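First to last, the sequence lines map onto chains G and R. Residue numbering for the first sequence follows the numbering used here, starting at 317 and increasing by one per position. Residue numbering for the second sequence follows the numbering used here, starting at 13 and increasing by one per position. Here is the structure we will look at.
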Amino acid sequence: MLLELSEIFKWVTTGGNRTYLLKGINIEVQEGEFISLMGPSGSGKSTLLNVIGMLDHFDEGVYHFLDEPVQNLKEKHRIELYKKYIGFVFQSYHLMDDLTVYENIEMPLLYQKYSSSERKALVADMLDRFNIVGKKNLFPTQLSGGQQQLVGIARALISKPKLILADEPTGNLNSKQSEEIMQLFKKLNEEDGVTIIQATHSEANASYGSRTIHLLDGRMVKG
Amino acid sequence: MIKHNLLLFFRNIKKYKTTFFINLIGLSSGLTCVLLIALWVVDELEVDTFHENTVYQIWNKFETPEGTRVMTWTPPVLPDAMLAQLPEVIYATAQTLPEWYKNTPLRVNGKTTKASGIFAQKDYFTIFSYPLIEGSKNQVLTDINTIVISESLAKKLFGSPEAAIGKAIEWDLMKTQATHQVSGVFKDIPSNSTTQFDYVLPFEAWKNAIIHSGGEINWVSNNPATYIVLKEGTDAKEFASKIEGFSKLQNEDVTADLVMTKYSSNYLYGNFKNGKQVAGRMDYVYLFSVIALFILIIACINFMNLSTANASRRLKEIGVKKALGSSRKTLILQYFSESILTSFIALLVACILTIIMIPTFNDITGKSLSFELDLVKTGLVLSIVLLTGVLAGSYPALHLSRFNPVSILKDQLKSSWSELWIRKGLVIFQFSLSIVLIIAVLLVSLQVQYVQSKSLGLDKDNVIYFGEEGRLKQHKKAFLEEARKIPEIVNIATTSQNIIGADINMTAGMVWSGDQEERRSRFNELRIGHDFIETMGMVLKEGRAFSKKITTDSTSIIFNEKAIKMMGLDTPIGHTVRYGDIDYTIIGVLEDFHFKSLREEVNPMFFRLENKKRSSELVARIAKGKEEIALTKLAKAYSQFNPGYSFDYTFLDSDFQAQYVAEQQVNKLSKYFAGLAIVISCLGLFGLATFTMERRRKEIGIRKTLGQGKTQITLLLSSEFVKLVGIAILIGLPISFMLSQNWLSGFAYKIDIKLWHFLSAGVITMGIALITVITQTITASNKNPIEALQQE
Ligand SMILES: Nc1ncnc2c1ncn2[C@@H]1O[C@H](COP(=O)(O)OP(=O)(O)O)[C@@H](O)[C@H]1O
Ligand SMILES: [Mg+2]
């Protein structure tokens, strides 16, 4: 099993009132799954993804990632864990405007132990695979949205993670571009065995996945 | 990773050029300033410190009705007595003061050269580390017929130091002429020595000359300075208190106590107050160190403020990096290295600027500094730069790197109150400092102007004075007559002493009323020739000056106003006073004139006609615009009496200016520094305004779509900064008021501090700040609102 969430609660306190963002989430994810998180805006999809990706903390419950109890880990250890196993894809790409395509993709490797020749090889591989070799020296603002998201995905994949967390990866793209991205995810999932959890609004996107989890007001509901 | 961070660093610079250049200009000019001041301070601190021995100077301390006076002049017999009776003293020497025999004639083979000389005892070159090129330090002054000369004098007179040894030089001082053999040659005295001289004669020769000219060598004739070296391990403080009454024990007529100071500290702590050494030039060393520190702080604040602002712009970068697995430590390291790198670039620029500016700086300060970094200085500079970098980088490195990446990426981070206040507080602090500096500059320059334009009670322009040398002594009358024939010479006269700068002879014992008990009141005394008062352009308040036609004037006396006031005489003219067993009739009262620096009160003073044939100085007033021809003719007349002598004269005005050298230097320098401070502060304000406008772009866009006018928006945006500068002015004014009062209290004659001084400084500061901010706000309010809104 890749990860397991049981009875996860997350809340914020404002003026003495608790507002729940996540209420009793229970999920088991096996390696190789492709899961879609659905729900209206504000239902807690991003919050849940951030908790899974260890970018955000939760207040109650137990979370095991590869049998490690996340809630008990020290920050340093947690960073090690997600550096190694998790890649993020964001709706608004979050590429560094001041770095070229090549440098953006290379970035995650800088936080791990790779020699410069290894890095070169890995990035070249990735550029090849995504067919963006010709664009490697451009800056993000010189690319279309779809191309930017491709770079975002390439960056997420560069350190060979087991799990890709994608938060509305196609939210800013037109339908043709969306389809391409979804095809890519499917391919990654089927051919490379990468586990994917994506948050999405669209039924069409969700259909690419093997399983759909519905959220409403921070609670899991039956589809 | 490093390459990556460097890339981000340089691309950031490219993207936010203004911020970077503001940072760079501000920081490098601040550092330049600090470097220059540091060079100056180190040089000041090193004056007279090159002597290997710890040399102590012994001073005479007198109690007078006007307070305690400490004087260089000590008994000529003191050094030998100390050496003989005090086991702690291993070396002692008397030394005549360098200003006594300045530009005095030396004759070699009938050719006269002028040079400055001192007399000193045999251990002089052992006590002081003036290295000898020829001769050995414990022998050069043992024989009474020797003379030790400087390297350049040796070259001038004999071609080389080796050639000088054994050669004869004839000197002519105090009515004594003698021929001495060169026994040694010393390296030219370095410029960081306060004692400057070209030749040294044995002190025994001086004693003989004094006795020959009718003087005495004993415990109450006070003339030369005394320097000693103590045995190693002697407690100087204890020793100083032990010898306080030393002279009094030797002779019952002695009234002076002895005071001991370190020779090397005299330069910086040259002023005495109540018999104790207090700061003199050290005040300026402190002043400039503080200014340097202020400027560095102001520059650092800019740097900090702008790096913080810049870091907030780069929040996304932090968020992405953290989401991609960068640890906090990596981020902290990155930001610190960026700010340190920036400071080093600034240092590089600063070093270049310093090298370019050193000549100008030397001109202003009258120093000969060079930019040579030794190990200590390099270390100091590097640590300053490192500290600057660390300070500036600390906020983004420590504060911003702490945030949760999710909230950063969601743009949930608002500048916290404390952050805003710190930033505003820094601007307030900066401008408070600037206003203090501006007011300081204003007052210093007003005071210097005041000093220079104040009616001195005499006309110092176009007056020269020169010594009475050679045969002039015997033929004074004839020379004066000859000089009076020159049409370009308005007036010429003799005086016992030059009146500006030098210590005028002080005397007591004046009796002006029958029931007077106090006879110790001290007066300055000047014995003058006819026409002196006219030559100097002094103003008579009552009565008349001395006249050649009135023979009784040999027992006439003229006082200054101050003296009349002190004596309390209502109708002074015709009043009789008794001095030295002679009755003098007061014939005139002079308006007070300033013969000392305006730091000091005018003393009571009187004038008598010189009636003995004592040596004197000559003063001449030259017709305006005829200086050159007058001086040529005078030199010709002079050489008729003194063939082979060169005619050396000094303008009174330059002596007068010399009293204010320090003030004038401070005046010029502080102008530069204050200008720099305000420029750096404005750069900071400019940067901050740019940043604020950028952040409020959306707000400005919304306001414009809602129909608010440009002027309104400009006003709204500017008012925020105006408030900050206003607060800074309110803080800066009282501080500068206190500081300026403190500084001015050192002058007996000074400008009144007026309200407008402060108001105008405030208005100037506000004006400059406004211009800086409004240029930014106008650009911001001119932007197309749709563009701004779309970008969000
Ligand atoms: N830090 C927070 N403080 C308060 N409310 C939050 C915070 N983060 C998210 N929320 C709220 O939680 C709810 C879920 O947000 P989110 O997970 O972003 O929803 P989704 O991604 O499904 O649109 C929203 O109503 C949002 O306003
Ligand atoms: Mg969301």
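Even glycine gets a Cβ: it sits at the ideal position worked out from N, Cα and C. For clarity, every value in this text was computed on a predicted model and none was experimentally measured.
Residue range 188-198 is occupied by the beta strand (DSSP E) that includes H192(R). Under the 8 Å criterion on CB atoms, N679(R) is classed as non-interfacial with respect to chain G.
When CB distances to chain G are screened at a threshold of 7 Å, the residues of the stretch 16-33 of chain R falling below it are H16, L19, L20, R23, N24, K27, in chain order. According to the DSSP assignment, L43(R) belongs to the alpha helix (DSSP H) that extends over 29-58.
Contact of Y379(G) with chain R by beta-carbon distance below 8 Å is absent, the smallest such distance being about 16 Å.
In the DSSP annotation of this structure, Q514(G) is not part of any alpha helix (DSSP H); the continuous beta strand (DSSP E) holding it starts and ends at 511-516.
At least one heavy atom of ligand 1 falls within 7 Å of the beta-carbon of G360(G).
Among the CB atoms of chain R, one or more fall inside 8 Å of the CB of F404(G). Against chain G, a Cβ distance below 9 Å from S351(R) picks out nothing, because the smallest value is about 17 Å. For S357(G), the shortest C-beta to heavy atom distance toward ligand 1 is below 7 Å. Annotation: Cβ neighbours of P424(G) in chain R (cutoff 8 Å, chain order): L336, G337. Using a Cβ-Cβ cut-off of 8 Å, Y427(G) counts as an interface residue toward chain R, since at least one Cβ of chain R sits closer than that to its own. For A127(R), the enclosing beta strand (DSSP E) has its first and last residue at 123-127.
Of S172(R), T784(R), F749(R), the smallest CA-CA separation from W768(R) is found for F749(R). Under a 10 Å Cβ-count criterion, W433(R) is classified as exposed, with fewer than 16 other Cβ atoms of the shown protein chains found around its own Cβ. With distances taken between CA atoms, G401(R) lies nearest to S319(R) out of S757(R), G738(R), R556(R), S319(R). G600(R) is a Cβ neighbour of A557(R), given a cutoff of 8 Å. A221(R) is not a Cβ neighbour of T86(R), given a cutoff of 8 Å. Restricting attention to N453(G), K392(G), I474(G), D413(G), the CA atom closest to the CA of K27(R) is found in D413(G). Shortest gap from the CB of V328(G) to any heavy atom of ligand 1: under 7 Å. For E347(G), the closest of L454(G), E506(G), S518(G) by C-alpha to C-alpha distance is E506(G). For K274(R), the CB contacts under 7 Å within the same chain, skipping 5 residues up- and downstream, are T66, Y68 in chain order.
Using a CB distance cut-off of 8 Å, N322(R) does not count as an interface residue toward chain G. Beta bridge pairing from DSSP links I569(R) with I598(R).
With a threshold of 8 Å between beta carbons, K392(G) makes contact with chain R.
Of all alpha-carbon atoms in T191(R), A304(R), I255(R), K735(R), the one lying nearest the alpha-carbon of V101(R) is that of I255(R).
Its chain contains I498, E500 as the residues whose beta carbon lies nearer than 7 Å to that of K645(R), once the 5 sequence neighbours on both sides are disregarded; these appear in chain order. Annotation: E706(R) has no Cβ neighbours in chain G at a cutoff of 7 Å; minimum Cβ distance is about 15 Å.
Burial state of Y136(R) is buried, judged by a 10 Å Cβ sphere holding 16 or more other Cβ atoms. For the pair F571(R) and I598(R), the CB atoms are nearer than the 8 Å cut-off. Taking a C-beta cut-off of 9 Å against chain G, the contacting residues of the stretch 402-420 of chain R are N416, P417, V418, S419, listed in chain order. With respect to L371(G), V418(R) sits close: the two C-beta atoms are nearer than 8 Å. Here Q428(G) carries a coil assignment [DSSP, helix/strand/coil]. DSSP places D483(G) in the strand class (E or B) of the three-state scheme.
Taking non-hydrogen atoms of ligand 1 into account, the C-beta of T363(G) is found less than 7 Å away from one of them.
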